[in-house]
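Working notes, structure below.
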Amino acid sequence: GENVEQHPSTLSVQEGDSAVIKCTYSDSASNYFPWYKQELGKGPQLIIDIRSNVGEKKDQRIAVTLNKTAKHFSLHITETQPEDSAVYFCAASYSNAGNMLTFGGGTRLMVKP
Amino acid sequence: DVKVTQSSRYLVKRTGEKVFLECVQDMDHENMFWYRQDPGLGLRLIYFSYDVKMKEKGDIPEGYSVSREKKERFSLILESASTNQTSMYLCASRGGWFSNTEAFFGQGTRLTVV
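Structure representation (structure tokens):
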């Protein structure tokens, strides 16, 4: 089955700096790669996703890049703000009847004001 | 607004009790999932269901069972709760067979087994 590894497990940045979180996956059949943000006391919520036919996607201060050859993808947050502090999860899946998402171990991002 | 609702935010149960965690979604999604979240281990899949009365084991099914009698409801059952099942449990739903779309999560149930 799919295996997703995520690094780093914790990341501390100063407000205004950039943050980068990296994930690798094992199954070359995976073709959908979402990123979720989990705030304290809440369930994870999708912030951005990318499909295998695209190399990069941006949404305001957030961007995701995908390298299918190397089987890795990254989340980039620019101009970080205290409200970006949360746990971030990457995931991978491919189209099948169950549409399972396999998640990375999570990254706790702390943005210091 | 789409919703996945878990019946309890916090639960405290005794060792050996039978525990039911309920999840309801209002998006007419085919696929529903139960994950367990532990510090440093991310989200681990316990069971999932891609249709009514259908269920598949995930990565850590031991000690758990599930029930899906109606499309909108997916229940996780701990047959005999143990202290190592103390954790955060997250339900999710995702639409469409063979389509990669967003998964929606409930707010989580923090279960403590004493």
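Going down the list, the protein sequences come from chains A and B.
Numbering-wise, the first sequence is residues 33 to 145 according to the numbering used here.
Numbering-wise, the second sequence is residues 296 to 409 according to the numbering used here.
Note that CB positions come from ideal geometry on N, CA and C, so glycine has one too.
Chain B contact residues for residue i, given Cβ-Cβ distances below 8 Å
{"i": "residue 132(A)", "result": "328, 340, 343, 353"}
{"i": "residue 41(A)", "result": "335"}
Buried or exposed by the 16-neighbour rule on C-beta atoms within 10 Å, applied to residue i
{"i": "residue 323(B)", "result": "exposed"}
{"i": "residue 141(A)", "result": "buried"}
{"i": "residue 74(A)", "result": "exposed"}
{"i": "residue 42(A)", "result": "exposed"}
{"i": "residue 69(A)", "result": "buried"}
{"i": "residue 387(B)", "result": "buried"}
{"i": "residue 66(A)", "result": "buried"}
Residue interval of the beta strand (DSSP E) (run including residue i)
{"i": "residue 320(B)", "result": "314-320"}
{"i": "residue 301(B)", "result": "299-301"}
{"i": "residue 66(A)", "result": "64-70"}
{"i": "residue 81(A)", "result": "77-83"}
{"i": "residue 342(B)", "result": "337-344"}
{"i": "residue 370(B)", "result": "368-373"}
{"i": "residue 133(A)", "result": "No beta strand (DSSP E) contains residue 133(A), which DSSP labels as neither H nor E."}
{"i": "residue 42(A)", "result": "42-46"}
{"i": "residue 92(A)", "result": "Per DSSP, residue 92(A) belongs to no beta strand (DSSP E) and is neither H nor E."}
{"i": "residue 139(A)", "result": "139-144"}
{"i": "residue 362(B)", "result": "359-365"}
Residue i (DSSP reduced to helix, strand or coil)
{"i": "residue 379(B)", "result": "helix"}
{"i": "residue 351(B)", "result": "strand"}
{"i": "residue 115(A)", "result": "helix"}
{"i": "residue 309(B)", "result": "coil"}
{"i": "residue 61(A)", "result": "coil"}
{"i": "residue 120(A)", "result": "strand"}
{"i": "residue 333(B)", "result": "strand"}
{"i": "residue 37(A)", "result": "strand"}
{"i": "residue 405(B)", "result": "strand"}
{"i": "residue 324(B)", "result": "coil"}
{"i": "residue 161(A)", "result": "Outside the displayed range of chain A (33 to 145) lies residue 161(A), so it cannot be described from this structure."}
Cross-chain neighbours of residue i in chain B, by beta carbon under 7 Å
{"i": "residue 64(A)", "result": "395"}
{"i": "residue 135(A)", "result": "337, 338"}
{"i": "residue 138(A)", "result": "337"}
Any chain E beta carbon closer than 7 Å to residue i
{"i": "residue 125(A)", "result": "Going by chain labels, chain E is absent from the structure shown, which instead holds the protein chains A and B."}
Partner residues on chain A for residue i, Cβ-Cβ distance less than 7 Å
{"i": "residue 402(B)", "result": "74, 75"}
{"i": "residue 389(B)", "result": "131"}
Minimum C-alpha distance to residue i - residue among the options
{"i": "residue 366(B)", "options": "356(B), 376(B), 350(B)", "result": "350(B)"}
{"i": "residue 108(A)", "options": "94(A), 114(A), 98(A), 102(A)", "result": "94(A)"}
{"i": "residue 300(B)", "options": "399(B), 354(B), 409(B), 335(B)", "result": "399(B)"}
{"i": "residue 49(A)", "options": "114(A), 104(A), 60(A), 67(A)", "result": "114(A)"}
{"i": "residue 101(A)", "options": "76(A), 33(A), 131(A), 85(A)", "result": "85(A)"}
{"i": "residue 333(B)", "options": "46(A), 139(A), 91(A)", "result": "139(A)"}
{"i": "residue 77(A)", "options": "119(A), 110(A), 36(A)", "result": "119(A)"}
{"i": "residue 359(B)", "options": "310(B), 342(B), 337(B)", "result": "342(B)"}
{"i": "residue 319(B)", "options": "363(B), 339(B), 335(B)", "result": "363(B)"}
{"i": "residue 340(B)", "options": "348(B), 317(B), 327(B), 377(B)", "result": "327(B)"}
Chain-ordered neighbours of residue i on chain A, where CB pairs are closer than 8 Å
{"i": "residue 385(B)", "result": "75, 76"}
Neighbouring residues, chain A, relative to residue i (Cβ below 9 Å)
{"i": "residue 398(B)", "result": "66, 68, 76, 78, 123, 125, 131, 133"}
Neighbour list for residue i in chain B, Cβ cutoff strictly below 9 Å
{"i": "residue 83(A)", "result": "395"}
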